[in-house]
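S.K.:
In the UniProt record's numbering, the protein residues as written are 1 to 177.
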């Protein structure tokens with residue numbers, strides 16, 4: 001996948017195997033997983049498997065989550081991006097575009113998630129011509145819920161996942177269609 005997006009401070013590029021250490025540092029932190037099923041990863045091999053899965057999504061769907069890097073320092077701060085969800089049902093939906101992100105805790109509250117979100121929504125609507133973008137966040141994740149609202153996504157409904165955990169379903173329709 002050749003796609004690279006840039007914002008004022010960020011570079012958004014496809015995953016590389018060399019990203020594994022930084023992604024492992026993020027995903028082994030229990031704080032990062034507070035609203036993500038409380039299951040931080042424990043082995044770097046889990047990151048290798050995730051990178052390979054996402055790289056397959058690039059081939060299958062021509063899109064997926066991307067490494068998100070601070071241009072000035074070259075630090076990988078997490079991932080952001082659009083994913084085409086197949087083979088998984090979320091809130092009764094499958095075969096849909098989902099916007100998501102996950103950042104290492106030391107990069108929270110610096111505006112990076114908002115900055116990347118604006119770039120991805122622009123790409124999804126203007127380049128990919130997606131008719132609607134979905135997102136879902138844990139009910140109690142106030143920061144992520146605020147970011148999605150701030151970038152123009154609309155809260156649709158609360159729902160329970162298959163384990164009974166409460167989530168929020170967000171959606172934004174392409175303003176150009």
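The beta-carbon is built from N, C-alpha and C at its ideal position, and this holds for glycine as well.
1) Could you compute how far the alpha carbon of residue 5 sits from the alpha carbon of residue 125?
2) With distance defined between alpha-carbon atoms, name the residue in 56, 102, 114 and 173 nearest to residue 131.
3) I need the straight-line Cα distance from residue 51 to residue 19, nearest angstrom please.
4) Determine which residues share a DSSP beta bridge with residue 85 and list them.
5) Looking at residue 90: is its Cβ nearer than 8 Å to the Cβ of residue 35?
6) Leaving out five residues on either side along the sequence, give the residues of the same chain with a beta carbon under 7 Å from the beta carbon of residue 39.
7) Ignore the nearest five residues each way along the sequence and tell me which others in residue 102's own chain have a CB closer than 6 Å to its CB.
8) Sorted by chain position, which residues of the same chain lie with C-beta nearer than 7 Å to residue 139's C-beta, five sequence neighbours on each side aside?
9) For residue 7, which residues of its own chain have a beta-carbon under 6 Å away from its beta-carbon, when the five flanking residues on both sides are left out?
10) In the DSSP assignment, what are the bridge partners of residue 67?
11) If you follow the alpha helix (DSSP H) that residue 115 is in, where does it begin and where does it stop?
12) May I ask you to report which of helix, strand or coil DSSP gives residue 41?
13) Please report the straight-line C-alpha distance between residue 67 and residue 164, rounded to a whole angstrom.
14) Taking residue 179 and residue 69 to be in contact with their CB atoms under 8 Å, please state how far apart those CB atoms are, rounded to whole angstroms.
15) So, for residue 161: in the same chain, excluding its five sequence neighbours on each side, which residues have a beta-carbon less than 7 Å away from its beta-carbon?
16) Taking 8 Å as the cut-off, decide whether the C-beta atoms of residue 134 and residue 98 are in contact.
17) Go to residue 179, then tell me how far its alpha helix (DSSP H) extends in each direction, as first and last residue.
M.R.: Looking at the coordinates:
1) Within the chain shown, numbered from 1, the residue matching residue 5 stands at position 5. Within the chain shown, numbered from 1, the residue matching residue 125 stands at position 125. Near 14 Å, if we compare the C-alpha coordinates of residue 125 and residue 5.
2) For this step, residue 131 is matched to residue 131 along the chain shown. The shortest C-alpha separation from residue 131 is found at 173.
3) Position 51 of the chain shown, counting from 1, holds the residue named residue 51. Position 19 of the chain shown, counting from 1, holds the residue named residue 19. For residue 51 and residue 19, the distance between alpha carbons rounds to 9 Å.
4) Numbered from 1 along the chain shown, position 85 holds the residue referred to as residue 85. The partner list for residue 85 (beta bridge, DSSP) reads 96.
5) For the purposes of this step, residue 90 is identified with residue 90 of the chain shown, where counting begins at 1. For the purposes of this step, residue 35 is identified with residue 35 of the chain shown, where counting begins at 1. No; because the gap between Cβ atoms is not below 8 Å, this pair is not in contact.
6) As a working note, residue 39 is residue 39 in the chain shown. Cβ within range, chain order: 33.
7) Within the chain shown, the letter at position 102 stands for residue 102. If we look at residue 102 and ignore the five residues flanking it on each side, its Cβ neighbours are 78 and 79.
8) In the chain shown, counting from the first residue as 1, residue 139 sits at position 139. Answer for residue 139: 158, 166, 167 and 168, listed in chain order.
9) Translated into the one-based positions of the chain shown, residue 7 becomes position 7. Hits under 6 Å: 115 and 119.
10) Translated into positions along the chain shown, residue 67 becomes position 67. In the DSSP output, where bridge partners are listed per residue, residue 67 has 13 and 79.
11) Residue mapping note: residue 115 aligns to position 115 of the chain shown, counting from 1. Counting along the chain, the alpha helix (DSSP H) containing residue 115 begins and ends at 112-122.
12) Counting from 1 along the chain shown, the entry for residue 41 is found at position 41. Three-state DSSP puts residue 41 in coil, outside helix and strand.
13) Numbered from 1 along the chain shown, position 67 holds the residue referred to as residue 67. Numbered from 1 along the chain shown, position 164 holds the residue referred to as residue 164. If you take the alpha carbons of residue 67 and residue 164, they lie about 31 Å apart.
14) In the structure as shown, the chain begins at 1 and stops at 177. Residue 179 is therefore absent and cannot be evaluated.
15) The residue you call residue 161 lines up with position 161 of the chain shown. Counting only Cβ-Cβ distances below 7 Å, and skipping sequence neighbours, we find 167.
16) What you label residue 134 is simply residue 134 of the chain shown in a count that begins at 1. What you label residue 98 is simply residue 98 of the chain shown in a count that begins at 1. Contact: yes.
17) Here the chain covers residues 1 to 177 and nothing more, so residue 179 does not appear.
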